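K.L.:
The sequence shown lines up with residues 1 to 169 when you count with full-length UniProt numbering.
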Amino acid sequence: MGRRPLLAGLAASFIAGPAEARPPFRLRKDPQPVLSPPIQDEAGTTRVLGDFAGRVILLNIWATWCPPCREEMPALDRLEGLLGGPDFAILPLCIDEGGIERGRRFYDEVGLVDLPLYWAEPLRVQLALAFIGLPTTLLIDRETREIGRLQGPFDWGSDEAVRQISDLL
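(1) Indicate whether the contact test is met: 3 or more Cβ pairs, each with one atom in the segment 139-152 and one in the segment 27-34, closer than 8 Å.
(2) Where does D77 land, buried or exposed, given buried means 16+ other C-beta within 10 angstroms?
(3) Please report the distance separating the alpha-carbon of G17 from that of D51.
(4) Could you tell me which of R142, A75, T144 and E143 sits nearest to L112, measuring between CA atoms?
(5) Ends of the alpha helix (DSSP H) at I100?
(6) List the endpoints of the continuous alpha helix (DSSP H) containing I39.
(7) Would you give the residue range spanned by the beta strand (DSSP E) that R78 belongs to?
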């Protein structure tokens with residue numbers, strides 16, 4: 001690469017300035033019903049997404065073998081501690097083949113304390129929620145309809161994430 005194209009590229013990056021912070025979700029104008037796979041909680045109870053109706057839900061599909069998933073879990077734990085309650089909950093859905101026990105070992109290893117733990121069979125989650133890649137996060141309204149979807153990791157401790165979720169509560 002010659003010197004001139006390199007300098008032009010550097011100049012363009014300075015002119016463009018820093019990337020603007022963005023909220024995690026582009027909210028849908030047409031909320032869509034969400035199919036629910038059977039979800040197991042740590043007590044062994046089988047649940048469905050409808051059990052959480054009445055609250056805004058951040059459904060995070062993750063696995064212990066996924067590096068970006070592992071990286072964002074502490075921020076999700078803090079977000080649950082900050083906003084979790086009767087109006088909002090994070091539903092971290094572990095899809096490890098080994099079951100919920102692998103998720104529990106990871107929680108203990110990292111020191112997650114506020115985040116609940118749920119597990120579902122990977123194929124059932126894939127068929128119900130049609131996600132591509134991990135992590136995938138769905139924002140679900142109080143009527144159990146999808147209002148946003150994010151493929152890939154996000155900084156859940158960011159002001160933008162807290163603000164967008166708080167505005168829905």
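Glycine included, each C-beta is placed from N, C-alpha and C at the ideal position.
Everything numeric in this text was worked out from a predicted model, so none of it was measured.
P.N.:
The structure says:
(1) yes
(2) In the sequence shown, counting from the first residue as 1, residue 77 sits at position 77. Buried.
(3) By 1-based counting over the sequence shown, the position of residue 17 is 17. By 1-based counting over the sequence shown, the position of residue 51 is 51. In this predicted model, G17 has a pLDDT of only 37, less than 50, meaning its place in the structure is not dependable; the value taken from the coordinates is given anyway. C-alpha separation (whole angstroms): 45 Å.
(4) As a first step, residue 112 must be located in the sequence shown, where it is residue number 112. When each option's Cα is compared against that of L112, the closest is A75.
(5) Counting from 1 along the sequence shown, the entry for residue 100 is found at position 100. Unbroken alpha helix (DSSP H) run through I100: I100 to V110.
(6) The sequence position of residue 39 within the sequence shown is 39, counting from 1. Premise fails: I39 lies in the beta strand (DSSP E), I39 to D41, not in any alpha helix (DSSP H).
(7) Against the sequence shown, residue 78 aligns to sequence position 78. Counting along the chain, R78 falls outside any beta strand (DSSP E), though it belongs to the alpha helix (DSSP H) covering P67 to L83.
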